Amino acid sequence: MIRSVLVMNTQGKPRLTKFYEFWPVEKQQEAIRNVFSVLCSRAEHVSNFVDAESIFGPDSRLVYKHFATLYFVFVFDSSENELAMLDLIQVFVETLDKCFRNVCELDIVFNYSKMHAILDEIIFGGQVLETSSTEIMKAVEEITKLEAQSNAINLVSKSVSNWRSR
Amino acid sequence: MAGSSIMENLFQRTLEDIIKGMRLQLIGESAFISKAVEEIRREIKSTDPHTKSTALQKLCYLSAIHGLDISWAAFHAVELMSSSRFSHKSVGYHAAALSFHDATPVLLLTTNQLRKDLSSPNPFEASLALQTLSRIATVDLARDLTPEIFSLLSSGRVFVRKKAIAVVLRVFDKYPDAVRVCFKRLVENLESSDPQIVSAVLGVFCELASRDPRSYLPLAPEFYRVLVDCKNNWVLIKVLKIFAKLAPLEPRLAKRIVEPICEIMRVTGAKSVMFECVRTLLTSLGDHDSGVKLAVSKVKELLLDEDPNLRYLGLQALSVAAAKHLWAVLENKEPVIKSLSDEDSNIRVESLCLVMAMVSESNVTEISGVLVNYALKSDPSFCNEILSSVLATCSRNVYEIVVDFDWYVSLLGEMARIPNCQQGEEIERQLIDIGMRVKDARLQLVRVARDLLIDPALLGNVCLHRILCAAAWVAGEYIEFAGNLFELMDALLQPRTNLLPASIRAVYIHSALKVLVFCLDCYLMQNEDGNLVVGQSDLFIGKRGSVAPESATCQSSTLEQHEDLTFNPRNTTESPEDHRVFENNADTTVTQGPAITHESMVGLLDRIELVLGPLTANQDVEVLDRACNILAFVQLVKAELIDNATQEVNTVDKKDTQVSAIITLMRDAFVTDLGPVSVSAQGRVAVPNGLDLKENLDDLSAICGDIELPSSSSFGIGGPQFGTSSDTTSIGLLKNEESGPVNEATSLLEHRKRHGLYYLPSEKNEIVQHDYPPANDPRSNSNSDEAAELAKLTEKSLVLKKKANQTKPRPVVVKLDDGDVVPLPISIKKPESRDDSLSGAIKDILLGSTTKPSSSQSNPSDKSSSKRKEKKKLVAADIPSQMKENLGDAEAPSLENPGSSSKDHDHVKERRQRGKEKIVEGEGHDQKARKKKSSHRHGKHKTRQKASSPLNVVSQTPEIPDFLL
Chain A
1 MIRSVLVMNT QGKPRLTKFY EFWPVEKQQE AIRNVFSVLC SRAEHVSNFV
51 DAESIFGPDS RLVYKHFATL YFVFVFDSSE NELAMLDLIQ VFVETLDKCF
101 RNVCELDIVF NYSKMHAILD EIIFGGQVLE TSSTEIMKAV EEITKLEAQS
151 NAINLVSKSV SNWRSR
Chain B
1001 MAGSSIMENL FQRTLEDIIK GMRLQLIGES AFISKAVEEI RREIKSTDPH
1051 TKSTALQKLC YLSAIHGLDI SWAAFHAVEL MSSSRFSHKS VGYHAAALSF
1101 HDATPVLLLT TNQLRKDLSS PNPFEASLAL QTLSRIATVD LARDLTPEIF
1151 SLLSSGRVFV RKKAIAVVLR VFDKYPDAVR VCFKRLVENL ESSDPQIVSA
1201 VLGVFCELAS RDPRSYLPLA PEFYRVLVDC KNNWVLIKVL KIFAKLAPLE
1251 PRLAKRIVEP ICEIMRVTGA KSVMFECVRT LLTSLGDHDS GVKLAVSKVK
1301 ELLLDEDPNL RYLGLQALSV AAAKHLWAVL ENKEPVIKSL SDEDSNIRVE
1351 SLCLVMAMVS ESNVTEISGV LVNYALKSDP SFCNEILSSV LATCSRNVYE
1401 IVVDFDWYVS LLGEMARIPN CQQGEEIERQ LIDIGMRVKD ARLQLVRVAR
1451 DLLIDPALLG NVCLHRILCA AAWVAGEYIE FAGNLFELMD ALLQPRTNLL
1501 PASIRAVYIH SALKVLVFCL DCYLMQNEDG NLVVGQSDLF IGKRGSVAPE
1551 SATCQSSTLE QHEDLTFNPR NTTESPEDHR VFENNADTTV TQGPAITHES
1601 MVGLLDRIEL VLGPLTANQD VEVLDRACNI LAFVQLVKAE LIDNATQEVN
1651 TVDKKDTQVS AIITLMRDAF VTDLGPVSVS AQGRVAVPNG LDLKENLDDL
1701 SAICGDIELP SSSSFGIGGP QFGTSSDTTS IGLLKNEESG PVNEATSLLE
1751 HRKRHGLYYL PSEKNEIVQH DYPPANDPRS NSNSDEAAEL AKLTEKSLVL
1801 KKKANQTKPR PVVVKLDDGD VVPLPISIKK PESRDDSLSG AIKDILLGST
1851 TKPSSSQSNP SDKSSSKRKE KKKLVAADIP SQMKENLGDA EAPSLENPGS
1901 SSKDHDHVKE RRQRGKEKIV EGEGHDQKAR KKKSSHRHGK HKTRQKASSP
1951 LNVVSQTPEI PDFLL
């Protein structure tokens, strides 16, 4: 299964973190720092694998991809295929690109819940459930609509009721 | 209230505000966060759900991105989960998934809400609940919600059903009894026409099978169908993973799947699927030659690919294959060796492992030599990677593959001089270990040690101190092999030794004492008649037993050695300035080296006094004690020598003097051979009556920190050789040194009295002993390995084996010495040609030239290639016959089949009945199920088969066993 998904920028600032097992936050932050220190020392055009057992415990592997100012990192165990995980990063980034039209770091910084909604459609409890970015987009749009609806009702009703109570 | 809520609403900062504020803040991130949290703590208590949800959302953000602990907000998350508005609900669920763990107390409150949302008509609400459940499900939650999940497993919406399938994994994990309820439906989903569903189910089975593969063997037909029919790459990868787990358990199954997997590998365009096939074939189907051959050919493609990822994975696949199919590595040695100089460190390390896998007795010299040279030029971390793997490979199984120890010892010396070398401890261990195990290597060992010791530059490198320590010990212990004693003494006493840590300096001083004793002994011998020498040697024989011949030869050949060995290296390799520096007050030694004259002896003694004199005020007790010992000895000897010098005519009488007696005694003591010690040796010492080893003695250290160790001397391995007490008063004691520990303890007592000091009595000897001679884990390992193997062969006589171990304390050394001689004539011809090509290839790559790429293949006497050819031939010729065999095999077991299948059948029936009961139980009587928790594990296993078997019974009962054939 997939253990963790991390997105961080080239300064080491985390932009998205997801752990599919419970990890205390301090350990999360430490792992992120360790991962970054390994990643930033790697040259361009080398392989996308990093030995992760020292950071995430036995039977853990790590693949990453470097896009512009961001590192996308997937940590997983021997039940996943390394190349498939690289493809999955590609799927994730393509979906983000569709969603935000030419995705850049700021989109990821400012769309916390949407990022999670997208990721949750792809990976569920550490398992890959969806790999088609159109399907993912469909579900995410539905969810966004649903949230907007409920919020709209919320605002209107509240302001109306408040007006009346005066 | 309404007013306040509208104010809150209007003025509350949203998540976006927080993010923006964080980017613009001037007060520092942590100050900003704590201010924001303060604000959130206020807002989250609001009764207005919108305010609350915004606050919680901000908190989640801070937790995920900035590592804030939000466990205190757990209750608010539960509150929001029960909100009727989707946006609030989703924030609540997100917070729960983010921060809850098994011990979160409010988890108990979520059960009903989860149940409600799981059965919600809105698929997105059900999806939210499932999502959170997949992270937070506990035993209780899993048990209580099993019915809901069971019904979702057949939900009409794929969107929900696939998530329900995935959540089953966590539920089974926490509450194995859920298997009885859900397993059947899970398996049914395998038949679904929707690839997403199939993919989800296989994902679950892949996880389950990786924990306990045997339970899922009965599902093999289902998986096989997927393997053959499915075209989806994700699904194929999962099913391959499952078969990789199942195939080793059932050879008949393995035989069946090899062909389909090979077919997929040939056809597929996806590298990921192809690599998964390769990995499956190499890890789990290694016995099927056709598959392995195809896989290796694919690996070759990977190794030659542009993409570094594929090269890396190719190397990984090769190292999987290396254990069983070394030929696969040899076949690909060129790309492997080329990878050693890849810019990617992953690839370098992987290929280093493979190169080391190729090392054998016959090519170890070339490969190691080239690698060590390469280490010189590589970056520090890879350099040490190389060195440690060379060290590990060569010392494997007590230096199994090392034939030429002279070479290996010199290699160790070379390694020590590599600037980035961090392997000091391992080199130290091996230098000493070889000294003790391999007699024939000692001469070279001492030469290497001398080269290390006389180089003052090395003393400045902290990483080398451990190696120098070993060198000093070796030089002292095997001093009889030394070329020039005076030069060694100079090295041991050189001024820069003050750069060494005290413990190592103590070793230097102790070695100096050994050298001095040996010098004096030689000096005395030299001045005696030939007869007397012989007599003396006889004496040695008497005392030293097995070691005697060696000592005798060395005694008599010392002089020749001096002439042969010392001058050549001195004039050629070492620049004389190196040591002249330290020899200003004994310039005679350089020229007169071997001939130990009276003057040179006196000079030597003077110098020891001069150099070590200041150390009697040293802070460290180790150094202090040793310096005192050696100085006292020097004074004693000097008095006598100078006496003799005045009446020069009587030199012949020297041997009668007290001093010569002492010297001889000390020489005898030092000359005893130290052997390697088994780690289990301590265990064989019977614990004396009344000694409680487990008593806690912590309090003691406070009371008597200074006097704690005297008793430990009784565990000394070789008390005698450390009889260094030099007091004039202890001469008598020295005479019966053989009785060791007691004497030492008393002489030390006296020593202490004399100095009025009560420093750590625990003779440094003791400590040094622990530092040095017993460092030989591998040896003991090999002992136990041997024992284990032998025990396997003859399972009855464990006891006998152990005794055998006891009775031969150093069998390995003997074996190694034999190995020195025997294999050479036999194995010299064939393997060497291969090695040449291999190491030549390494050289080519590492040194940058790329000539003669295929010389290895064209070499007719090349062992590996001939092997390969053989293999190819074998395979080519055997394919038809193998097929026949297969057919035969397939038929043969089918005869057994009826019996086993009917047995299965019975089981199945029985299980089916029980299974049905259980399902009812599972749904209705949770209490009962809870009672059965204790037998979960067992139950799990059984029930999985149970649940799956009905299906099989219905559709293909007769096929299961057939298929497995």
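Line by line, the protein sequences give chains A and B.
The first sequence maps to residues 1 to 166 in the numbering used here.
The second sequence maps to residues 1001 to 1965 in the numbering used here.
The C-beta atom is built at its ideal place from N, Cα and C for all residues, glycine as well.
Since the model is a prediction, treat every value here as computed from it, not as a measurement.
Partner residues in the beta bridge of P14 of chain A, as assigned by DSSP, are A:M8. Note that the C-beta distance between Y1061 of chain B and Y64 of chain A is not below 7 Å. Taking every protein chain shown into account, the CB of N1122 of chain B has fewer than 16 other CB atoms within 10 angstroms, so this residue is exposed. Here the C-alpha atom of P1176 of chain B lies approximately 51 Å from the C-alpha atom of Q1025 of chain B. Closest in alpha carbon position to L1330 of chain B, among B:S1345, B:D1212 and B:K1300, is B:K1300.
Under the Cβ distance rule, Y1093 of chain B does not count among the residues neighbouring chain A, no pair being separated by less than 7 Å. Take V1634 of chain B, set aside five residues on each side of it, and the residues of its chain with a beta-carbon closer than 6 Å to its own are L1605, I1608 and E1609, in chain order.
Of the residues B:L1376, B:L1318, B:V1364 and B:A1096, the one whose Cα lies closest to the Cα of S1341 of chain B is B:L1376.
Between M1356 of chain B and S1389 of chain B, the C-beta spacing is below 7 Å.
For E1207 of chain B, the nearest beta carbon of chain A is closer than 7 Å to its own beta carbon. A direct Cα-Cα distance of roughly 53 Å separates L1464 of chain B from R1170 of chain B.
Contact between A1164 of chain B and L1217 of chain B does not hold, since their C-beta atoms are separated by about 25 Å, which reaches or exceeds 8 Å. Residues of the segment 1019-1042 of chain B with a C-beta less than 7 Å from any C-beta of chain A: I1019, listed in chain order.
Separation of the CB atoms of F49 of chain A and R61 of chain A is rounded to 7 Å, and the pair is thereby assigned contact status at 8 Å. Under the 7 Å criterion on CB atoms, R1085 of chain B is classed as interfacial with respect to chain A.
By a beta-carbon distance limit of 8 Å, L1445 of chain B contacts Y1478 of chain B. Their separation comes to about 7 Å.
Judged by beta-carbon spacing, R1466 of chain B lies within the 7 Å limit of E1428 of chain B, meaning their Cβ atoms are closer than that value. Nearest in C-alpha terms to I1401 of chain B, of all of B:V1179, B:V1372 and B:S1360, is B:S1360. Distances from the alpha-carbon of L1107 of chain B to those of B:G1314, B:S1119 and B:G1092 put B:G1092 closest. The beta-bridge partner set that DSSP reports for Y71 of chain A consists of A:M8 and A:H66. In this structure L1431 of chain B does not touch L1443 of chain B by the C-beta definition: roughly 14 Å separates them, more than the 8 Å allowed. When beta bridges are read from the DSSP output, D51 of chain A appears opposite A:R61. Runs of the alpha helix (DSSP H) lying entirely within the segment 1193-1230 of chain B and spanning at least 4 residues, in chain order: 1195-1211 and 1220-1229. In the DSSP assignment, G1476 of chain B falls within the unbroken alpha helix (DSSP H) covering H1465 to E1477. Rounded to whole angstroms, the separation of the alpha carbons of I1261 of chain B and A1096 of chain B is 43 Å.
Residue burial is scored here from C-beta neighbours: T1014 of chain B has fewer than 16 other C-beta atoms within 10 angstroms and is therefore classed as exposed. In terms of Cα proximity to L1488 of chain B, the closest of B:L1468, B:D1379, B:S1284 and B:L1499 is B:L1468. I123 of chain A carries a strand assignment under DSSP once its states are collapsed to helix, strand and coil. Within a 10 Å sphere around the beta-carbon of N1689 of chain B sit fewer than 16 other beta-carbons, which makes this residue exposed.
In this structure, DSSP gives R3 of chain A an extended state, which the three-state scheme calls strand. Linking M1 of chain A to G57 of chain A through their CA atoms gives a straight-line distance of about 14 Å. Between I1454 of chain B and the set B:W1407, B:R1211 and B:Q1494, the nearest pair of CA atoms involves B:Q1494.
Taking 7 Å as the CB threshold, F110 of chain A lines the interface with chain B.
Residues of chain A whose Cβ lies closer than 7 Å to the Cβ of S1063 of chain B are, in chain order, V25. The C-beta of D97 of chain A comes no closer than 7 Å to any C-beta of chain B.
Only buried fits H1510 of chain B, as 16 or more other CB atoms lie within 10 angstroms of its CB.
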